[in-house]
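Colleague:
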Amino acid sequence: MKHNYTSPVSRLLAYGNPDAFRPENWPDYVGDLGLTTEYVPELLTLVQDTALADYDPDDPSLFPDYADPEHAWCAPIHAWRSLAQLQVLELFDHAIEALQSELEDWAGEEFVDIIRYWGPNVIEPVEQLIDDNLDTPNPILSLINGLYKLPEQYPETRDQVAAILMRLLQDHPETDKENASFLVLGLVELKAIEAVDLLEKLYTAGKIDESIPGTWPGVQVALGLKSESDFTEDELTPEMPPALQKIQEMYEAVQRQRIPDAFSLWLPMDPITFSSTK
136 MKHNYTSPVS RLLAYGNPDA FRPENWPDYV GDLGLTTEYV PELLTLVQDT ALADYDPDDP
196 SLFPDYADPE HAWCAPIHAW RSLAQLQVLE LFDHAIEALQ SELEDWAGEE FVDIIRYWGP
256 NVIEPVEQLI DDNLDTPNPI LSLINGLYKL PEQYPETRDQ VAAILMRLLQ DHPETDKENA
316 SFLVLGLVEL KAIEAVDLLE KLYTAGKIDE SIPGTWPGVQ VALGLKSESD FTEDELTPEM
376 PPALQKIQEM YEAVQRQRIP DAFSLWLPMD PITFSSTK
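For the working numbering, count along the sequence shown from 1 and bump the result up by 135.
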């Protein structure tokens with residue numbers, strides 16, 4: 136669907152490519168364009184404008200006259216940044232859509248920092264989003280990541296965030312293993328020793344992908360409850376998922392084929408040191 140945006144929101148369709156900077160290094164969209172809460176509805180529409188994200192240079196009819204076809208694809212990125220600078224919590228009403236759009240890579244990276252730099256007011260809507268989507272295949276990992284990183288900027292939120300992560304794990308016992316593992320990773324990052332009984336229960340039940348937060352012995356070390364000397368190297372080494380294990384084995388096989396041997400390099404050799412073939 137083709138939308139007709141009004142100025143100053145329409146200027147975002149020719150604003151240029153977004154640089155992959157942290158929020159503190161973003162352009163001052165609000166000051167530069169004179170954006171106010173009056174333009175929130177249009178900005179929210181622009182965030183959802185999939186026609187722009189699906190930019191097809193061979194079909195310029197998708198764009199109004201004031202748009203720059205070369206840069207219009209990234210207008211939704213500028214729009215959600217603008218909403219973040221305006222501190223508009225309604226942005227999170229459309230976070231899942233952004234994370235499932237053609238811009239999912241951008242959204243997945245930027246929503247982590249948006250949450251982390253927003254402040255305590257963001258906790259409630261993000262918690263609700265995770266809660267609503269934890270048992271579905273929606274790409275919410277960046278929301279979980281952003282939530283447990285929030286205390287890096289706002290240390291006073293640490294206890295609240297840790298309690299939320301624990302509640303989500305308890306309320307969603309059958310959640311996706313990857314989702315559960317990232318919730319556990321958040322608790323480990325927060326040094327949440329208050330969650331140790333819950334974590335042990337999850338590991339014992341086989342609910343955690345060790346390649347994400349580490350093994351149970353490794354988690355105990357990370358929480359300061361044990362030292363590395365209490366465990367063997369095997370106990371501290373995460374079990375690699377079968378798919379990754381297969382990829383690693385294939386990679387190692389290729390690398391072995393590339394290693395030159397004495398025979399291929401025409402180096403002197405004693406035949407009796409080799410098997411009957413090579």
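Even for Gly, the Cβ is constructed at its ideal location relative to N, Cα and C.
#1: For I275 and H213, I'd like the C-alpha separation in whole angstroms.
#2: According to DSSP, simplified to helix, strand and coil, what is N314?
#3: Distance, Cα to Cα, N268 vs P348?
#4: Hey, A219 and P158: beta-carbon distance below 9 Å or not?
#5: Within 10 angstroms of its Cβ, does P272 collect 16 or more other Cβ (buried), or is it exposed?
#6: Go to P286, then tell me how far its alpha helix (DSSP H) extends in each direction, as first and last residue.
#7: Within 10 angstroms of its Cβ, does N160 collect 16 or more other Cβ (buried), or is it exposed?
#8: So, with DSSP's three-state summary, where would you put P176?
#9: Just the Cα atoms here: how many angstroms apart are P290 and D248?
#10: In terms of residue numbering, what span does the alpha helix (DSSP H) encompassing V165 cover?
#11: For V144, which residues from the same chain have a beta carbon less than 7 Å from its beta carbon, with the 5 sequence-adjacent residues on both sides left out?
Modeller: Looking at the atomic coordinates:
#1: Within the sequence shown, numbered from 1, the residue matching residue 275 stands at position 140. Within the sequence shown, numbered from 1, the residue matching residue 213 stands at position 78. If I take the Cα positions, the gap works out to 21 Å.
#2: Here residue 314 is taken as the residue at index 179 of the sequence shown, counted from 1. Three-state result, N314: helix.
#3: Here the question's residue 268 lines up with position 133 in the sequence shown. Here the question's residue 348 lines up with position 213 in the sequence shown. Taking the straight line from one Cα to the other gives about 21 Å.
#4: Reading the sequence shown from its first residue, position 84 is the one you call residue 219. Reading the sequence shown from its first residue, position 23 is the one you call residue 158. Against a cut-off of 9 Å, the Cβ pair of P158 and A219 comes out as a contact.
#5: For the purposes of this step, residue 272 is taken as the residue at position 137 of the sequence shown. By the neighbour-count rule (16 or more Cβ atoms within 10 Å), P272 is not buried but exposed.
#6: Position 151 of the sequence shown holds residue 286. From DSSP, the alpha helix (DSSP H) with P286 extends over 276-288.
#7: Stepping through the sequence shown from its first residue, residue 160 is reached at position 25. When all chains shown are included, N160 counts as exposed.
#8: Locating residue 176 in the sequence shown gives position 41, counting from the first residue. If DSSP states are grouped into helix, strand and coil, P176 belongs with the helices.
#9: In the sequence shown, counting from the first residue as 1, residue 290 sits at position 155. In the sequence shown, counting from the first residue as 1, residue 248 sits at position 113. The alpha-carbon atoms of P290 and D248 are separated by roughly 16 Å.
#10: Residue numbering aside, residue 165 sits at position 30 when the sequence shown is read from its first letter. That run of the alpha helix (DSSP H) goes 164-168.
#11: Start at 1 with the first residue of the sequence shown, and residue 144 comes out as number 9. The residues are Y174, E177, L178, L181.
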